[in-house]
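Worksheet: the structure to be examined is printed underneath.
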Amino acid sequence: MGNVVEKASGAGQVVRKLGCGSRKVAVIVGASSGIGEAIAKVFVARGYLVYNLSRRASVICGVENIEVDVANAESVRVAFSEISGAVPWIDYLIYSAGFSMASGLETLDEADYKYLFEVNYFGAIKVFKTFLPLLKTGSGGARVVFISSAGALIPIPFDGYYSASKASINMLAKALHVEFKQRGLKFISIMPGGVNTGFTKKRKVNKKTTQQPNAKGFENAVKTLADQEQNGMDTDLCAKKIIKVIGKRNPPLTSVIGLSNKLQAFALNFIPKKLQLKIIANKFGVDK
């Protein structure tokens, strides 16, 4: 590799200017925790130059941190300026930011569901559009990866807003595939099921819903979802499975992670929609 030149970034970090761009580069939105952090570990171990874009810094040795709030377009543009001044192109752009909120519709605050979509969906569009000029094109073009959720296929009771945002991400990946195929870019929307991360503790729970007629169903649904996550797949294993999928020569547009999740997704093709919803309501204890 060519000479490495260090310069101070506007966010107070150090960005290394690559002399010849021989290292592969991964930009991960949300590599400070959870699945994004686990993916960053694997990439660093493989010798990638990894950038973390998030509000909190990653503690992984070898990861370059740039403070970014995906709800703030200016902070995304600043991050682009920092990285474009340091590398010739990006090989992987991974969007792993996410926000979850448990609430009944009657007590749902407009600011909350707008923020949820800002982080889970509009932020992904914002990041992709901003970083598009840096994405490697042509043969062996960049991989754009959206961390979606199995909840995009199976609606989560009292967190349907999250499910809706992740379903939107899946459709976005398909639309972008059609639009940018000629440039050599590849898009993959990854759908993990329950994964044991700190995401459960970060979920915003609307306590006002516990005062509504459907309070018992709400409490059951929140507990069931938390149990599924905390007893779910290990983050490191999840990251390895994700990297295996996105590293394929012709990766699928959407991919469900985990055998049990794959089986459930397959079964949805044969179960009538109303019966699916009945099974989901029973599974989450909504009718109890």
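Quick note on our numbering: the sequence shown kicks off at 1290 and runs consecutively. C-beta: ideal position from N, C-alpha, C; glycine also.
When the beta-carbon positions are compared, S1428 and A1441 stay at least 8 Å from each other. The alpha carbon of P1481 has as its nearest neighbour, out of D1525, K1490, K1496 and L1461, the alpha carbon of D1525. Contact check for V1331 against I1383 fails: the beta carbons are separated by 8 Å or more. Inter-residue distance for A1315 and D1380 is about 6 Å (C-alpha atoms, whole angstroms). The segment 1520-1535 makes contact with the segment 1320-1330; the number of CB pairs closer than 8 Å reaches 3 or more. Under a 10 Å Cβ-count criterion, G1323 is classified as buried, with 16 or more other Cβ atoms of the shown protein chains found around its own Cβ. If you check the CB distance, V1352 and N1341 come in under 8 Å.
In the displayed model, P1422 falls within a helix according to three-state DSSP. Taking a contact to require three or more Cβ pairs closer than 8 Å, the segment 1523-1543 and the segment 1490-1501 do not qualify as touching.
Here N1509 carries a helix assignment [DSSP, helix/strand/coil]. Rounded to the nearest whole angstrom, the C-alpha separation of A1556 and K1505 is 29 Å. Note: V1314 is bridge-paired with L1338 in the DSSP secondary-structure output.
Straight-line measurement puts the Cα of A1334 at about 43 Å from the Cα of L1397. Shown here, N1485 sits in a strand according to DSSP, grouped into three states. Residue nearest to G1336 within the set C1350, R1345, F1559 and K1425 is C1350 (criterion: CA-CA distance). Taking C-alpha positions only, R1472 is separated from R1345 by approximately 33 Å. In the DSSP secondary-structure assignment, K1463 is not bridged to any residue.
With contacts defined by Cβ atoms closer than 8 Å, T1489 and G1574 do not form a contacting pair. For the pair A1464 and I1477, the CB atoms are not nearer than the 8 Å cut-off. If only uninterrupted beta strand (DSSP E) runs of at least 3 residues are considered, those enclosed by the segment 1379-1440 are 1381-1384 and 1432-1436.
Here I1479 is near S1544, since their CB atoms are less than 8 Å apart. In the DSSP assignment, S1364 falls within the unbroken alpha helix (DSSP H) covering A1362 to S1373.
Around D1401, the same chain offers M1390 as residues with beta carbons nearer than 6 Å, after the five sequence neighbours per side are excluded. Secondary structure at K1475: strand, using DSSP grouped into helix, strand and coil. Looking from the CA of S1364, the closest CA among A1320, S1343, S1347 and P1446 belongs to S1343. When the Cα atoms are used, V1433 and Q1517 turn out to be separated by approximately 28 Å.
For the pair L1394 and A1375, the Cα-to-Cα distance works out to about 46 Å. Between the beta-carbon of A1413 and that of I1458 there is about 6 Å, and that keeps the pair under the 8 Å contact cut. Counting along the chain, the unbroken beta strand (DSSP E) around N1354 starts and ends at V1352 to E1356.
Taking C-alpha positions only, G1487 is separated from F1388 by approximately 12 Å.
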